[in-house]
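Residue numbers (the working numbering): 462 to 942. Note that the Cβ used here is the ideal one computed from N, Cα and C, for glycine as well. What follows is one structure encoded as structure tokens, with my remarks underneath.
Below is the structure:
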């Protein structure tokens, strides 16, 4: 049976009677208290930017734009620890560097004077890297050069167990972890995201548990194997419906763990989470997963709502369903693909030079893309997308990465993304004035299968298809004449 993200009417979990954020019952030593934090920096408003579109294509219905009919509890509070107290944070506080002040990872890039072909002169192709059922996320383990693949059904595979050795480079992928019995499946549930700690010593997984609620768990690595029996739930969030779970994970250049969550599901922001800053639903979250106390998680210095007026974990809010986000490994900029509802798909950029725009309001449900969706106010913290496209051209954005590899020179600095429904893969290039132009890269996967992109330790990109295939994005070998 092939697993896939689908839309359907889902039964709602029972959860906490107050509809609060809750944590699975784990070791009581993980219960923590709130740390001191600094006052949030001033917010920055970004006006809409113009876009350039390609000719439209016909699309089928979106994987994340349907609605459910069941009622659910509204999450209207901040985080709780395993004992139920508000503000699950590190009592000793975080000592991380302020946002935007760290040096992003170095990577290969064309040097001044190098002859770089244009994208128009470059033909790309997708080269099969693995054939595994229901791929959903790919992550490189720092310090090893190895690539790990997560599947929607709860498995983790090591794609290149022979990396760094003299073994056959074509060795078959190795199954290294399986949490399938701990997750829910169907609707838009499952294992949804994966990230390694910057030192490669810990693996973080984001999934919906058997009650269809969101969980982020951490487990140590021993050799090449995640130690699932030593898994610890780091963060837990009740979901009122089965769709719009988000679930992506990434470590930022600041060393903190970032996560994206959808608005709770249904349609039309039915649970009222989009503009509500006291819930983690509909937000980008930033936490310190390894605080000085060694317990729970910490609230990093600079989180905009940590001193009151919102959940301290929240970095940005107003998201509908952030389906894949990433940091540009050269500039540190944060790119977010947010799935639309009726008409518009959108991509946001929170620049590292602006400290990732703390407290950014991504607009939902006041705006869908640049268009008014509800209400009449335009908040001062609103950050409009840098690029949008209509449902004449696709129906569910799949966010990707800015290409910083060394094998496709013409693609350097291009944001590679696509649309789930059409399967088309595009590049987005921004001009000096901030305008964005979309370029057809000439490659695609089957319709309604483009679920994710991945990046290896060298900055090369991968395309994940729900058809059970993982492809490397390559420059096509010129044909001999």
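Checklist line | Beta-ladder partner(s) of residue 799, from DSSP | finding: 783, 807, per the DSSP bridge assignment.
Checklist line | Contacting residues, own chain, Cβ-Cβ under 7 Å from residue 602 (five flanking each side not counted) | finding: So the list reads 609, 657, 661, once near-sequence residues are dropped.
Next item on the list: List the DSSP bridge partners of residue 620.
Entry: Partner(s): none; residue 620 has no beta bridge.
Checklist line | As assigned by DSSP and simplified to three states, the class of residue 775 | finding: strand
Check: Whose C-beta lies closer than 6 Å to the C-beta of residue 776 among residues of the same chain, with five residues either side of it excluded?
Finding: Within the same chain, residue 776 has close Cβ partners 745, 747.
Next item on the list: Could you round the C-beta distance between residue 642 and residue 932 to whole angstroms and report it? I think they count as a contact, below 8 Å.
Entry: Actually they do not touch by this definition, with Cβ atoms about 30 Å apart.
Checklist line | For residue 814, three-class secondary structure by DSSP | finding: helix
Checklist line | residue 710 (DSSP reduced to helix, strand or coil) | finding: strand
Notebook entry, point to check: Using the C-alpha atoms, what's the distance from residue 594 back to residue 793?
Noted result: 32 Å
Check: Which residues share a DSSP beta bridge with residue 932?
Finding: 589, 924
Notebook entry, point to check: Between which two residues does the beta strand (DSSP E) harbouring residue 835 extend?
Noted result: Neither: residue 835 is in no beta strand (DSSP E) and is coded neither H nor E.
Margin query: Considering only the alpha carbon of each residue, which of 875, 897, 919 lies closest to residue 888?
Written below: 875
Next item on the list: Classify residue 899 as helix, strand or coil using the three-state DSSP reduction.
Entry: It is a strand residue.
Check: Taking buried to mean at least 16 other C-beta atoms within 10 Å of its own C-beta, is residue 743 buried or exposed?
Finding: buried
Next item on the list: Under 6 Å Cβ to Cβ from residue 721, same chain only, skipping five residues before and after it: list those, please.
Entry: The beta carbon of residue 721 lies closer than 6 Å to those of 707, 709, 745, 783, 786 in the same chain, with the five residues before and after it left out.
Notebook entry, point to check: Are the Cβ atoms of residue 644 and residue 668 separated by less than 9 Å?
Noted result: yes
Next item on the list: Quick one: using the 10 Å Cβ neighbour count with 16 as the cut-off for buried, is residue 835 buried or exposed?
Entry: It is exposed - the Cβ of residue 835 has fewer than 16 other Cβ atoms within 10 Å.
Next item on the list: Enumerate in chain order the residues of its own chain whose CB-to-CB distance from residue 717 is below 7 Å, with the five nearest sequence positions on each side excluded.
Entry: 557, 747, 748, 749, 761
Check: If you draw a straight line from the C-alpha of residue 673 to the C-alpha of residue 697, how long is it?
Finding: 11 Å
Checklist line | Inter-residue Cα distance where the pair is residue 581 and residue 781 | finding: Here the C-alpha atom of residue 581 lies approximately 34 Å from the C-alpha atom of residue 781.
Next item on the list: Classify residue 579 as buried or exposed, calling it buried when 16 or more other Cβ atoms lie within 10 Å of its own Cβ.
Entry: In summary, residue 579 is exposed, with fewer than 16 beta-carbon neighbours lying within 10 Å of its beta-carbon over all protein chains present.
Check: Rounded to a whole number of angstroms, what is the C-alpha to C-alpha distance between residue 826 and residue 846?
Finding: 14 Å
Next item on the list: Could you work out which residue in 590, 909, 659, 677 is closest to residue 855 when comparing CA atoms only?
Entry: 909
Next item on the list: Compare the beta carbon distance of residue 925 and residue 598 with 9 Å and say whether it is the shorter of the two.
Entry: yes
Notebook entry, point to check: Going along the chain, which unbroken runs of the beta strand (DSSP E) with 3 or more residues stay wholly within the stretch 700-753?
Noted result: 710-712, 718-721, 744-748
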